[in-house]
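Read top to bottom, the protein sequences are chains Z and Y.
Quick note: the first sequence, position 142, residue 142 per my numbering, numbers continuous.
Heads up, my numbering is the position in the second sequence plus 1000, with the first residue counted as 1.
For glycine and all other residues, C-beta sits at the position ideal for the given N, C-alpha and C.
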Amino acid sequence: MKKQDVIALASMPLQSPTYPRGPYRFFDRQYLVIGYQTDPDVIRAHLPEPLEVIGDTVSVQWLDLPDGEGFGAYSATAQIIPCSFKGEICNFVSQMYVDNTPPLSGGREIWGYPMKYGKAELKVEADTLTGTLHYAGQEIAVGTMVYKHDAFRKDCSKEHELLSRTQITLKLIPDIDGKPAIAQLVGINFADLVIKGAWSGAARLEMMPSVNCPLADLPVKKIIGGMQIVTDMTLPYGRVLHDYLAK
Amino acid sequence: MKAEDILKLPSMPAVSPSYPMGPYRFINREFMIITYETDPELLRQAVPEPLEPNTDSLVMYEWIRMPDSSGFGDYTESGVVIPCTLNGEPLNYTAQMYLDDEPPISAGREIWGFPKKYALPKFEVHSDTLTGTLHYAGQLVALGTMAYKHRNSPDGLEAQAKSMTRTSCNLKIIPDVDGSPKICQLVGYNLTEITVKGCWLSPARLELIPHVNAPAADLPIKRIIGGKHFLSDLTLPHGRVLFDYLKDK
């Protein structure tokens, strides 16, 4: 392969790039978001400076992604810490687990989504919207929510606001000598967001301590509640908000 | 988390880094390498300039068992390696790799540019047959079989250890957050502290099944040269840039 074609590749490997160029459109992307109160000192320890703590509430989210352009069909679990950056309310993505290489590697390499390989599942079991996460053979998290108890609610502005917030990731890529090559806070804003359905209701969350999947490091003090959201949306490229290597 | 602590992190995520700082030590790392001859034009297309593929059009299809890998754990890998030259120096270019463990996928891609994807390789002894399989997205894409320890390598263990110090090379591509290329390099590394505990040569066969996202079969098999099976301890250190596509012309 010629040098100019090498530079034009979207990703490794040369013979079958793991992910194509973005942006990436998602159809029928479904969320289960369980918000809870936790220990603010742990939030402070988990949030990279210069992001600022805005409260004691965080969330664990399950995502079912049946149709992601370039990525396929997969599921994810994430832990989100609301925070502020230069006065703007943002969502810091602290942990994320997926079961599919293109979003795992593309997520890490493009935006710095902190993804590891885990088996997330989001499904309706009888009367219960159920999210589970298995990591390295163990069940680490179970989230449950009542199924569409507020079926006739028309106003989805709260869910729209939540998914329109700037997401922030800490992108770390080492250089070949082990020193940091990229150390940035990255900002991402979903585009062309359509809320196709949104429900809220009672929820519960249990997390097992696990060293390589440490969701439980942000312990549950009190459950706030659950949200179920079905969307179409586009994941575009991001922008650098803060560069730790800039002098 | 303070800025100076962030710069000390080996990897994402900050709260539980996928992989620690290297180097990485592998104990009882076991290889089966089946060498075959392929089509020279297809081989040329699969190798990025300025690397030159070997003139004999040889490809090495590998299975590797890694039961004890510092920082990474216990996993299995399978992939395609192409002997090449760079400015006349012989080296091994890794073209495709498939494995079942996330830290070595992420570390492999992010540090050295190993072209790794998640898949389910298996490397086992089934009665009289050393057997490698690779399943990608639920489908069998490679089957390698080798007779079990038919003869010791006539070159001996020291020669095998020396051959493993040969420079290995990857094409490392990491995009910037706007999608433009941020890192686009040929990187080189050399294994160190190598002990070979056994090395055997035996007849082998290999079947590669066409698959768009695991395209080992894009380098078709014209003739099987033979199989090599060896067991080793080794260290994988950091590497160096051999060629930078964004800077070098």
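Under 8 Å by beta carbon: chain Z residues contacting residue i
i	result
Y:Tyr951	Any question about residue 951 of chain Y goes unanswered here, given that chain Y covers just 1001 to 1249.
Y:Ser1011	Leu172 and Pro174
Y:Glu1102	Leu104, Lys116 and Tyr117
Y:Glu1110	Arg108, Glu109, Ile173 and Pro174
Y:Gln1045	Met1
Y:Ser1018	Lys116
Contacts of residue i in chain Y (Cβ-Cβ under 7 Å)
i	result
Z:Leu47	Met1001
Z:Asp217	Val1015
Z:Gln95	Pro1013 and Val1015
Closest by C-alpha distance to residue i, when choosing among the options
i	options	result
Y:Glu1193	Y:Ser1016, Y:Asn1028 and Y:Ile1006	Y:Asn1028
Z:Val186	Y:Asp1176, Y:Glu1124, Y:Glu1102 and Y:Leu1043	Y:Asp1176
Y:Ser1232	Y:Lys1008, Y:Met1032 and Y:His1135	Y:Met1032
Z:Tyr24	Z:Leu9, Z:His160 and Z:Gly106	Z:Gly106
Y:Gly1022	Z:Asp177, Z:Lys247 and Z:Lys222	Z:Asp177
Y:Tyr1148	Y:Ala1107, Y:Thr1131, Y:Ser1168 and Y:Gln1160	Y:Thr1131
Z:Lys154	Z:Thr38, Z:Gln37, Z:Ser200 and Z:Asn91	Z:Ser200
Y:Leu1208	Y:Asn1054, Y:Tyr1036 and Y:Ile1064	Y:Tyr1036
Y:Tyr1118	Z:Gly131, Z:Met12 and Z:Ala181	Z:Met12
Z:Gly72	Z:Lys221, Z:Arg29, Z:Glu161 and Z:Met208	Z:Arg29
Y:Phe1243	Y:Tyr1189, Y:Leu1236, Y:Ile1221 and Y:Arg1223	Y:Tyr1189
Y:Lys1162	Y:Thr1038, Y:Thr1195, Y:Arg1223 and Y:Glu1041	Y:Thr1195
Z:Thr77	Z:Gly225, Z:Ala203, Z:Asp56 and Z:Gly118	Z:Gly118
Z:Ala202	Z:Arg239, Z:Asn100, Z:Thr231 and Z:Lys148	Z:Lys148
Z:Phe92	Z:Met207, Z:Lys171 and Z:Met227	Z:Lys171
Y:Ala1095	Y:Ala1217, Y:Asp1068, Y:His1135 and Y:Glu1124	Y:Ala1217
Y:Val1241	Z:Ser94, Z:Asp175, Z:Thr101 and Z:Glu52	Z:Asp175
Y:Glu1272	Y:Thr1167, Y:Met1001 and Y:Val1187	Nothing about residue 1272 of chain Y can be reported from this structure: the residues present for chain Y run from 1001 to 1249 only.
Z:Leu63	Z:Ile80, Z:Glu161 and Z:Ala216	Z:Ile80
Z:Tyr135	Y:Asn1092, Y:Glu1102 and Y:Lys1222	Y:Glu1102
Where residue i meets chain Z, residues with beta-carbon distance less than 9 Å
i	result
Y:Pro1210	Residues of chain Z passing the Cβ test: none, with the nearest at roughly 11 Å.
Y:Arg1166	What Y:Arg1166 touches in chain Z: nothing, since even the nearest Cβ is about 18 Å away.
Y:Val1141	None at all; the shortest Cβ gap to chain Z is about 11 Å.
Residue j beta carbon less than 7 Å from that of residue i
i	j	result
Y:Cys1084	Y:Glu1110	no
Z:Asn189	Z:Thr169	no
Z:Ile140	Z:Cys213	yes
Y:Gly1258	Y:Ser1202	No answer is possible for residue 1258 of chain Y: it lies beyond the span of chain Y, which begins at 1001 and ends at 1249.
Z:Gly143	Z:Ile34	yes
Y:Cys1169	Y:Tyr1245	no
Y:Ile1034	Y:Leu1206	yes
Z:Lys196	Y:Glu1049	no
Z:Phe26	Z:Gly87	no
Z:Gln4	Y:Ala1046	no
Z:Ala126	Y:Leu1007	no
Z:Tyr97	Z:Leu133	yes
Z:Leu32	Z:Met145	yes
Y:Leu1086	Y:Asp1100	no
Y:Tyr1024	Y:Ser1070	yes
Z:Ala191	Z:Thr231	no
Those residues which DSSP pairs with residue i across a bridge
i	result
Y:Leu1171	Y:Leu1186
Z:Gly68	Z:Phe26 and Z:Gly72
Z:Tyr135	Z:Gln138
Z:Asn91	Z:Pro82 and Z:Gln167
Y:Lys953	Residue coverage of chain Y in this structure runs from 1001 to 1249, which leaves residue 953 of chain Y outside it and unanswerable.
Y:Gln1139	Y:Tyr1136
Z:Thr128	Z:Glu125 and Z:Val146
Z:Gln228	Z:Leu32 and Z:Trp199
Z:Val98	Z:Ala76 and Z:Tyr117
Near the ligand COA: residue i beta-carbon under 6 Å from a heavy atom
i	result
Y:Met1021	For the structure depicted, the ligand COA is absent and the ligand set is empty, with no information on it obtainable.
8 Å Cβ cut-off: residues of chain Y touching residue i
i	result
Z:Thr285	Here chain Z covers residues 1 to 247 and nothing more, so residue 285 of chain Z does not appear.
Z:Val240	Val1177
Z:Tyr237	Val1177, Asp1178 and Gly1179
Chain-ordered chain Z contacts of residue i [CB-CB under 7 Å]
i	result
Y:Ile1183	Ala181
Y:His1238	Ile176, Asp177 and Gly178
Interface residues of chain Y facing residue i [CB-CB closer than 9 Å]
i	result
Z:Gln228	Chain Y residues near Z:Gln228: none, gap ~26 Å exceeds 9 Å.
Using a Cβ-Cβ cutoff of 8 Å, what residues of the region 198–215 of chain Z are near chain Y? List them in chain order. Answer in chain order: Val211, Asn212, Cys213 and Pro214.
When Cβ atoms are compared, which residues of the region 10–24 of chain Z fall closer than 8 Å to chain Y? Under the 8 Å Cβ criterion, the region 10–24 of chain Z contributes Ala10, Ser11, Met12, Pro13, Leu14, Gln15, Ser16, Thr18, Arg21 and Gly22.
Could you run through the region 1056–1067 of chain Y and flag, in chain order, every residue whose CB is less than 9 Å away from some CB of chain Z? So the list is empty, because no residue satisfies the distance condition.
Tell me which residues of the region 1114–1131 of chain Y have at least one Cβ-Cβ distance to chain Z shorter than 7 Å, keeping chain order. Near chain Z, meaning a CB-to-CB distance below 7 Å, the residues of the region 1114–1131 of chain Y are Pro1115, Lys1117 and Tyr1118.
Can you pull out the residues from the region 1215–1237 of chain Y whose beta carbon lies closer than 8 Å to at least one beta carbon of chain Z? Of all residues in the region 1215–1237 of chain Y, Pro1215 and Asp1218 have a Cβ within less than 8 Å of some Cβ in chain Z.
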